[in-house]
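If you read the protein sequences in the order shown, they are chains A and B. All the letters of the first sequence, read from the start, carry residue numbers 12 to 222 under this note's numbering. All the letters of the second sequence, read from the start, carry residue numbers 8 to 381 under this note's numbering. Backbone N, C-alpha and C fix where the C-beta goes; we use that ideal spot for every residue, glycine too. Notes to accompany the following structure.
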Amino acid sequence: MTIRVFIVDDHDLFRSGVRAELRDRVDVVGEASEVEAAVEMINERIPGVVLLDVHMPAGGGKAVIEGVKIRNPDVEFLALSASDAAEDVVAIVRAGARGYVTKTISAEELVSAITRVAEGHAVFSPQLAGFVLDAFSSISVSDIDPELDLLTKREREVLQHLARAYTYREIAERLFISIKTVETHVSNVLRKLQLSSRHELTIWAHNRKLI
Amino acid sequence: MDTVDELTTDAERTLRRVVVGYRAVSAAWLVILGVVSVARSEGPARPGVVVATMVLAVGWALVTIALHARSSELLRSWSFVALDTGLAAWTLVAPDVAGSENFYGGYPMSPVFLAAYGRGMVGGLTVAVAMAAVQLSRLAGPADPTASSAAVLIYLFAGAVAGWAIAVLREADQTRRKAEAALAQEQAERVRAEQRSEMAAHLHDSVLQTLALIQRNSANDTEVASLARRQERELRAWLYGSEPGAIRGAFGEQIRRMCAEVEDAHQVAIELVIVGDAEGDESMDSLVQAAREAVVNAAKHSGADNIAVYAEALPERATVFVRDRGSGFDISTVAPDRQGLRESIIKRLERSGGSASVHTTIGAGTEVELVLER
Numbered sequence: 012m013t014i015r016v017f018i019v020d021d022h023d024l025f026r027s028g029v030r031a032e033l034r035d036r037v038d039v040v041g042e043a044s045e046v047e048a049a050v051e052m053i054n055e056r057i058p059g060v061v062l063l064d065v066h067m068p069a070g071g072g073k074a075v076i077e078g079v080k081i082r083n084p085d086v087e088f089l090a091l092s093a094s095d096a097a098e099d100v101v102a103i104v105r106a107g108a109r110g111y112v113t114k115t116i117s118a119e120e121l122v123s124a125i126t127r128v129a130e131g132h133a134v135f136s137p138q139l140a141g142f143v144l145d146a147f148s149s150i151s152v153s154d155i156d157p158e159l160d161l162l163t164k165r166e167r168e169v170l171q172h173l174a175r176a177y178t179y180r181e182i183a184e185r186l187f188i189s190i191k192t193v194e195t196h197v198s199n200v201l202r203k204l205q206l207s208s209r210h211e212l213t214i215w216a217h218n219r220k221l222i
Numbered sequence: 008m009d010t011v012d013e014l015t016t017d018a019e020r021t022l023r024r025v026v027v028g029y030r031a032v033s034a035a036w037l038v039i040l041g042v043v044s045v046a047r048s049e050g051p052a053r054p055g056v057v058v059a060t061m062v063l064a065v066g067w068a069l070v071t072i073a074l075h076a077r078s079s080e081l082l083r084s085w086s087f088v089a090l091d092t093g094l095a096a097w098t099l100v101a102p103d104v105a106g107s108e109n110f111y112g113g114y115p116m117s118p119v120f121l122a123a124y125g126r127g128m129v130g131g132l133t134v135a136v137a138m139a140a141v142q143l144s145r146l147a148g149p150a151d152p153t154a155s156s157a158a159v160l161i162y163l164f165a166g167a168v169a170g171w172a173i174a175v176l177r178e179a180d181q182t183r184r185k186a187e188a189a190l191a192q193e194q195a196e197r198v199r200a201e202q203r204s205e206m207a208a209h210l211h212d213s214v215l216q217t218l219a220l221i222q223r224n225s226a227n228d229t230e231v232a233s234l235a236r237r238q239e240r241e242l243r244a245w246l247y248g249s250e251p252g253a254i255r256g257a258f259g260e261q262i263r264r265m266c267a268e269v270e271d272a273h274q275v276a277i278e279l280v281i282v283g284d285a286e287g288d289e290s291m292d293s294l295v296q297a298a299r300e301a302v303v304n305a306a307k308h309s310g311a312d313n314i315a316v317y318a319e320a321l322p323e324r325a326t327v328f329v330r331d332r333g334s335g336f337d338i339s340t341v342a343p344d345r346q347g348l349r350e351s352i353i354k355r356l357e358r359s360g361g362s363a364s365v366h367t368t369i370g371a372g373t374e375v376e377l378v379l380e381r
């Protein structure tokens with residue numbers, strides 16, 4: 012069964028471009044350019060995966076996630092952005108997106124990312140892996156709830172390989188673990204990112220702006 | 008001129024304070040007169056009525072003061088004005104109050120001012136006419152030393168003047184506030200215009216120039232990609248504030264600049280991820296130099312059009328990974344005279360106390376790992 016995909020982006024040109032690239036590979040069930048319309052249409056059509064632009068007027072992609080997740084928690088989100096601002100990307104992942112890829116991604120990679128997200132897995136582009144490592148490494152160890160906030164050595168290792176543009180398969184081979192285990196580590200990182208204390212990450216975001 | 012929308016301006020507050028203040032003063036004056044009148048040896052026949060009227064006037068003045076602080080909306084309503092006028096009329100017509108020789112104060116004038124404040128000229132004159140009618144009825148009644156025809160004129164005059172003066176004050180205040188708002192808006196617009204022209208100038212110098220170049224070079228794919236990448240990097244730096252050279256010396260910035268230069272010089276795409284940051288120093292410089300050598304090698308020899316660079320600066324160590332999915336090579340066959348790898352990367356880093364290792368598989372690509380303990 013083909014995956015039902017919905018596209019939210021305020022750039023018409025980019026939307027039609029993605030739509031053309033995805034044609035025949037997934038089922039694009041709709042697109043929207045504004046937060047409000049997007050929330051309404053997604054809640055109506057209930058796609059499997061929403062491709063979501065991080066930077067949108069009126070609350071941005073985060074508002075779309077919040078508006079949909081309340082009513083349809085099963086709809087998955089893949090953030091897509093031309094922006095490298097780490098705070099924005101981490102914020103949208105914390106809001107509930109299953110992954111983040113940059114807009115320069117190739118069509119094949121995009122389809123594979125969509126498939127992974129639809130299956131409930133996390134998709135970490137090298138950039139996102141870098142942002143997450145950066146966020147967690149700047150949180151001092153004494154400040155955090157060890158159960159929740161700290162990345163294990165293995166998780167850190169997996170993230171670092173993702174940041175070095177390794178695929179899951181390559182990581183599995185290098186670390187002598189199964190692909191499934193790699194996926195589990197990545198999902199755990201995602202969960203920790205979403206649950207970790209807002210306070211610490213706010214400090215991180217703030218410090219980044221000062222640097 | 009009816010009620011004013013903005014009840015919170017300074018001018019409105021001042022007007023309200025004056026009107027309510029007059030009310031308080033005249034109520035106090037009424038009490039003094041009442042006490043004097045009751046205390047006289049040949050005092051009023053019904054002192055109870057005098058005392059009750061005093062209590063009523065003071066109580067009502069307190070209610071007005073409380074309302075003035077909380078709900079000026081009610082203070083302005085016609086029903087309040089009517090009730091207020093009725094109570095003031097009572098102080099005039101109550102037996103033994105105004106009629107007693109010494110008992111006459113400014114209290115009956117206060118509803119005229121209040122109505123002029125709340126309902127403008129119409130309100131002031133309406134109440135003035137009502138109070139004048141009460142005075143006229145007293146003139147027509149049994150002889151009353153305090154009833155006078157002059158009071159009738161005073162009411163009408165006060166109502167008209169108060170209503171007019173308040174209207175003039177409000178208008179002046181409104182004009183002033185409008186002028187201030189217009190000035191503020193004009194300033195905001197000027198700032199916006201300046202920002203827009205600055206933005207336009209920047210876009211013209213950068214993006215539009217690049218777009219023109221891209222149109223001229225549209226047949227040359229690599230040139231177009233390179234132009235687009237360079238423009239993207241430049242625009243991103245402008246938008247997100249890491250301008251080239253802005254943080255001179257910082258490790259992350261050096262790596263970023265190095266990658267940009269190699270991208271431009273060798274027509275490859277570099278995917279750069281930076282974690283943490285550190286101050287630059289001599290050994291960090293040698294790490295950046297070694298990384299540059301590794302990136303250039305990958306660009307020149309691997310055949311891949313994508314290179315991944317990962318730079319991590321932690322307090323205890325700095326690491327750079329340079330990875331391509333290109334052809335790979337056999338380390339043992341690298342000619343001893345190929346200085347790049349051995350001299351520029353490994354030796355250079357070892358002199359600074361770091362280490363370099365190369366992992367490569369023919370057909371699968373190469374990864375160079377550069378570590379500098381700090």
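**Request:** Report the option in B:G287, B:S293, B:H273 and B:V329 whose CA atom is closest to the CA atom of A306 of chain B.
**Result:** B:H273
**Continuous beta strand (DSSP E) stretch holding S362 of chain B: start and end** = G361 to T368
**Residue closest to T71 of chain B, alpha-carbon to alpha-carbon, out of B:F87, B:V57, B:V58 and B:A59** = B:F87
**Asked** In chain order, what residues of the same chain have a beta carbon less than 6 angstroms from the beta carbon of S117 of chain B, not counting five sequence neighbours either side?
**Response** Within the same chain, Cβ atoms closer than 6 angstroms to the Cβ of S117 of chain B are found at Y29, R30 and S33, the five residues on either side in sequence being excluded.
**Message:** With a threshold of 6 angstroms on Cβ separation, who are the neighbours of D21 of chain A within its own chain once the five nearest residues in sequence on each side are excluded?
**Reply:** S44 and M67
**Asked** Along chain B, in chain order, which residues have C-beta atoms closer than 7 angstroms to that of R175 of chain A?
**Response** A315, Y317, F328 and R330
**With 16 other Cβ atoms within 10 Å as the buried cut-off, status of V198 of chain B** = It counts as exposed.
**Message:** Using only CA atoms, which one of B:I281, B:A298, B:V329 and B:G287 lies nearest to G141 of chain A?
**Reply:** B:I281
**Prompt:** Taking the alpha carbon of S364 of chain B as the point to measure from, which residue in B:S334, B:G333, B:G335 and B:F328 has its own alpha carbon closest?
**Reply:** B:F328
**Message:** Whole angstroms are fine: how far does the CA of E323 of chain B sit from the CA of D288 of chain B?
**Reply:** Looking at the two C-alpha atoms, the distance is approximately 15 angstroms.
**Item:** Under the three-state DSSP convention, the category E350 of chain B falls into
**Value:** Three-state result, E350 of chain B: helix.
**Message:** Can you tell me whether I173 of chain B is buried or exposed? The criterion is at least 16 other CB atoms within 10 Å of its CB, across all chains shown.
**Reply:** buried
**Item:** Helix, strand or coil at R330 of chain B according to DSSP, with G and I counted as helix
**Value:** strand
**Buried or exposed by the 16-neighbour rule on C-beta atoms within 10 Å, applied to H75 of chain B** = buried
**Message:** From the DSSP secondary-structure annotation, give me the bridge partner or partners of R15 of chain A.
**Reply:** Under DSSP, R15 of chain A shares a beta bridge with A:D38.
**Message:** Excluding the 5 residues flanking G259 of chain B on each side, which residues of the same chain have their C-beta closer than 6 angstroms to its C-beta?
**Reply:** Its chain contains I281 and D284 as the residues whose beta carbon lies nearer than 6 angstroms to that of G259 of chain B, once the 5 sequence neighbours on both sides are disregarded; these appear in chain order.
**Message:** Is S198 of chain A close to chain B? Criterion is C-beta to C-beta, closer than 8 angstroms.
**Reply:** no
**Asked** Along the chain, where does the beta strand (DSSP E) that runs through D64 of chain A open and close?
**Response** For D64 of chain A, the uninterrupted beta strand (DSSP E) segment begins and ends at V60 to D64.
**Item:** Any C-beta of chain B under 8 angstroms from that of S151 of chain A
**Value:** Because S151 of chain A carries a pLDDT of 49, less than 50, the predicted location of this residue cannot be relied on, and no value is offered for it.
**Item:** Closer than 9 angstroms at the beta carbon, the chain B residues around L144 of chain A
**Value:** Under the 9 angstroms cutoff, chain B gives V280, V282, G283 and E319.
**Item:** Test: V27 of chain B CB closer than 8 angstroms to a CB of chain A
**Value:** no
**Message:** Would you say S123 of chain A lies against chain B (beta-carbon separation less than 8 angstroms)?
**Reply:** Chain B, which has no Cβ nearer than 8 angstroms to the Cβ of S123 of chain A, makes this no.
**Request:** Compare the beta carbon distance of K114 of chain A and S92 of chain A with 8 angstroms and say whether it is the shorter of the two.
**Result:** yes
**Message:** Distance cutoff 8 angstroms, beta carbons only. Does P137 of chain A sit that close to anything in chain B?
**Reply:** yes
**Request:** Can you tell me which of B:Y124, B:A297, B:D331 and B:A89 puts its alpha carbon nearest to the alpha carbon of V175 of chain B?
**Result:** B:Y124
**Request:** Report the residues of the stretch 101–132 of chain A with a CB closer than 7 angstroms to any CB of chain B, ordered along the chain.
**Result:** none
**Message:** Can you confirm whether G72 of chain A, when its beta carbon is compared against all beta carbons of chain B, has any partner nearer than 8 angstroms?
**Reply:** no
**Within chain B, the residues that S92 of chain A reaches when beta carbons sit closer than 7 angstroms** = Residues of chain B with a Cβ closer than 7 angstroms to the Cβ of S92 of chain A do not exist; the shortest Cβ-Cβ separation is about 12 angstroms.
**Prompt:** In chain B, which residues lie with their C-beta within 8 angstroms of the C-beta of S27 of chain A?
**Reply:** Neighbours of S27 of chain A in chain B, taken as residues whose beta carbon is under 8 angstroms from its own, are absent, since the nearest beta carbon is some 19 angstroms off.
**Request:** Measure the CB-CB distance between V16 of chain A and D38 of chain A and report whether it falls below 8 angstroms.
**Result:** The answer is yes: Cβ separation under 8 angstroms.
**Message:** Classify L227 of chain A: buried if its beta carbon has 16 or more other beta carbons within 10 angstroms, exposed otherwise.
**Reply:** In the structure displayed, chain A extends from 12 to 222; residue 227 of chain A sits before or after that span and is not available.
**Item:** Residues near V58 of chain B in its chain [Cβ-Cβ closer than 8 angstroms; skip 5 each side]
**Value:** Once the five neighbours on either side are set aside, the close Cβ partners of V58 of chain B are G41 and V45.
**Asked** Distance, Cα to Cα, R358 of chain B vs A235 of chain B?
**Response** 38 angstroms
**Asked** Considering L91 of chain A, what are the terminal residues of the beta strand (DSSP E) in which it resides?
**Response** E87 to S92
**Asked** Nearest-angstrom Cα distance between A189 of chain B and R23 of chain B?
**Response** Rounded to the nearest angstrom, the gap between the Cα atoms of A189 of chain B and R23 of chain B is 27 angstroms.
**Item:** Cβ of G59 of chain A within 8 angstroms of any chain B Cβ
**Value:** no
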